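**Student:** Just passing along the structure, written as structure tokens.
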Amino acid sequence: MTDQEGISTMTPRILAFAGSLRRESFNKKLVPIAARAAREAGALVTQIDLRDFPLPLFDQDLEAEHGMPENGKKLKQLFIDHGGLLLACPEYNSSVTAALKNAIDWVSLPASGEPSLVAFRGKVATLMSASPGALGGLRGLVHVRSILGNIGVIVLPEQIAVAQAHEAFNPDGSLKDPKQQAGIDGLGHTLASFLMKLKG
Ligand SMILES: Cc1cc2nc3c(=O)[nH]c(=O)nc-3n(C[C@H](O)[C@H](O)[C@H](O)COP(=O)(O)O)c2cc1C
377 MTDQEGISTM TPRILAFAGS LRRESFNKKL VPIAARAARE AGALVTQIDL
427 RDFPLPLFDQ DLEAEHGMPE NGKKLKQLFI DHGGLLLACP EYNSSVTAAL
477 KNAIDWVSLP ASGEPSLVAF RGKVATLMSA SPGALGGLRG LVHVRSILGN
527 IGVIVLPEQI AVAQAHEAFN PDGSLKDPKQ QAGIDGLGHT LASFLMKLKG
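Read in order, the letters of the sequence shown correspond to residues 377 to 576 in our numbering.
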């Protein structure tokens, strides 16, 4: 069976992005590595940049007066259209970035008559992080895992935090450490395989 775009309904769809707006973001560099591995494992991966979906700081009054902004609607539809989430999450002050949390808060809003958390429930996520620090953003992933788990996302147990990120990448975008490169590849591959098993 195929969907409206002629893609097999058995093909897992993964939405991949970083929780950073920064142009030279290290986390943005992790995304294409894992995304390529997921594609090689048979998934259809949509890579986006949160910078392309600017959203106001979430304010319930703003939402009550003006509704969901267009970028919120677009982002939410992307979440709805994909069963998997491949997220590279920077750590700010030991936690999740405001950009990522703000996006999650907007996307979590139900439209009238819509089931709650329709963009999140039953999705499967894989997390990774990169930081110039020694822990690679690991502490932030604890919070991202908790937030996503509480809104119905199955977060896979494997995760990788790339420490000393300012020295970790080759000019071609790959990771200098072959074990780290294989690890990030593995995250993409595992997410695609997990989603296929769910469909099988
Ligand atoms: C406000 C702020 C807080 C930060 N807090 C942490 C932190 O708690 N742990 C850490 O490892 N790095 C921290 N950093 C450094 C970030 O890891 C670094 O800026 C990183 O490059 C951000 O990810 P990106 O390159 O994907 O944008 C912080 C940076 C900023 C701007």
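Ideal Cβ positions, reconstructed from N, Cα and C, are used throughout, including at glycine. This one's a predicted model, so the numbers in the text were calculated from it and none came from an experiment.
How should alanine 487 be labelled, buried or exposed, when 16 other C-beta atoms within 10 angstroms of its C-beta is the threshold for buried?
**Tutor:** Here residue 487 refers to the residue found at position 111 of the sequence shown. Exposed, since its Cβ has fewer than 16 Cβ neighbours within 10 Å.
**Student:** How would you label threonine 502, buried or exposed, when you count the other beta carbons within 10 angstroms and need 16 or more for buried?
**Tutor:** Indexing the sequence shown from 1 puts residue 502 at position 126. It is buried - the Cβ of threonine 502 has at least 16 other Cβ atoms within 10 Å.
**Student:** Looking at the structure shown, is phenylalanine 566 part of a helix, part of a strand, or coil, going by DSSP?
**Tutor:** Translated into the one-based positions of the sequence shown, residue 566 becomes position 190. Per the sequence shown, residue 566 should be read as threonine rather than phenylalanine. DSSP places threonine 566 in helix when its eight states are reduced to three.
**Student:** Using DSSP's beta-bridge definition, name the partner residues of glutamine 423.
**Tutor:** Within the sequence shown, residue 423 is the residue found at index 47, counting from 1. Answer by DSSP bridge pairing, in chain order: Ala392.
**Student:** Could you spell out where the beta strand (DSSP E) holding valine 538 opens and where it closes?
**Tutor:** In the sequence shown, residue 538 corresponds to position 162, counting from 1. From DSSP, the beta strand (DSSP E) with valine 538 extends over 530-538.
**Student:** Which value, in whole angstroms, describes the spacing of the CA atoms of phenylalanine 429 and asparagine 546?
**Tutor:** To locate residue 429, count along the sequence shown from 1; it is residue 53. To locate residue 546, count along the sequence shown from 1; it is residue 170. Phenylalanine 429 and asparagine 546: Cα-Cα distance of roughly 28 Å.
**Student:** Hey, isoleucine 409 and serine 550 are a contact pair by Cβ (cut 8 Å); roughly how many whole angstroms apart?
**Tutor:** Within the sequence shown, residue 409 is the residue found at index 33, counting from 1. Within the sequence shown, residue 550 is the residue found at index 174, counting from 1. Right, the Cβ-Cβ distance comes to about 7 Å (below 8 Å), so this counts as a contact.
**Student:** Can you tell me which of the three DSSP states methionine 377 falls into?
**Tutor:** Mapped onto the sequence shown, residue 377 falls at position 1. Three-state DSSP puts methionine 377 in coil, outside helix and strand.
**Student:** Beta-carbon within less than 6 Å of serine 401's beta-carbon, same chain only, minus the 5 sequence neighbours each way: which residues are those?
**Tutor:** Along the sequence shown, one-based indexing puts residue 401 at 25. So the qualifying residues of the chain are Ala394.
**Student:** Report the rounded CA-to-CA distance for leucine 426 versus serine 396, giving the unit in angstroms.
**Tutor:** Within the sequence shown, residue 426 is the residue found at index 50, counting from 1. Within the sequence shown, residue 396 is the residue found at index 20, counting from 1. Going from the Cα of leucine 426 to the Cα of serine 396 covers about 7 Å.
**Student:** Any idea what DSSP makes of alanine 358, helix, strand or coil?
**Tutor:** This structure cannot settle anything about residue 358, because the visible part of the chain is limited to 377 through 576.
**Student:** Going by DSSP, name the residue or residues bridged to methionine 504.
**Tutor:** Here residue 504 refers to the residue found at position 128 when the sequence shown is read from its first residue. Ala464 and Ile536.
**Student:** Pick helix, strand or coil for leucine 493, following the three-state DSSP scheme.
**Tutor:** Walking along the sequence shown from the start, residue 493 turns up at place 117. Of the three classes helix, strand and coil, the one that applies to leucine 493 here is coil, per DSSP.
**Student:** Per DSSP, what are the beta-bridge partners of phenylalanine 434 in this structure?
**Tutor:** Your numbering for residue 434 matches position 58 in the sequence shown. None; phenylalanine 434 has no bridge partner.
**Student:** Which residues are close to ligand 1, meaning CB closer than 5 Å to any heavy atom, in chain order?
**Tutor:** In chain order, the qualifying residues are Ser396, Arg398, Ser401, Phe402, Asn403, Pro466, Glu467, Tyr468, Asn469, Ser470, Ser507 and Gly509.
**Student:** Report the three-state DSSP secondary structure of serine 522 (helix, strand or coil).
**Tutor:** For the purposes of this step, residue 522 is identified with residue 146 of the sequence shown, where counting begins at 1. If DSSP states are grouped into helix, strand and coil, serine 522 belongs with the helices.
**Student:** Let's see if you can read the secondary structure: which residues bound the alpha helix (DSSP H) around asparagine 546?
**Tutor:** Taking the sequence shown and counting its residues from 1, the one referred to as residue 546 is at position 170. Taken as a continuous stretch (DSSP letters only), asparagine 546 belongs to no alpha helix (DSSP H), as it is neither H nor E.
**Student:** Going straight from the alpha carbon of leucine 431 to that of glycine 448, what length do you get?
**Tutor:** Residue 431 sits at position 55 when you count from the first residue of the sequence shown. Residue 448 sits at position 72 when you count from the first residue of the sequence shown. Their backbone Cα atoms lie some 7 Å apart in a straight line.
**Student:** Could you check whether glycine 576 and alanine 414 sit closer than 8 Å to each other, using their CB atoms as the reference points?
**Tutor:** Taking the first residue of the sequence shown as 1, we reach residue 414 at position 38. Taking the first residue of the sequence shown as 1, we reach residue 576 at position 200. Not closer than 8 Å, so no.
**Student:** Would the stretch 488-508 and the stretch 520-531 be scored as touching if the rule is three or more Cβ pairs under 8 Å?
**Tutor:** Short answer: they touch.
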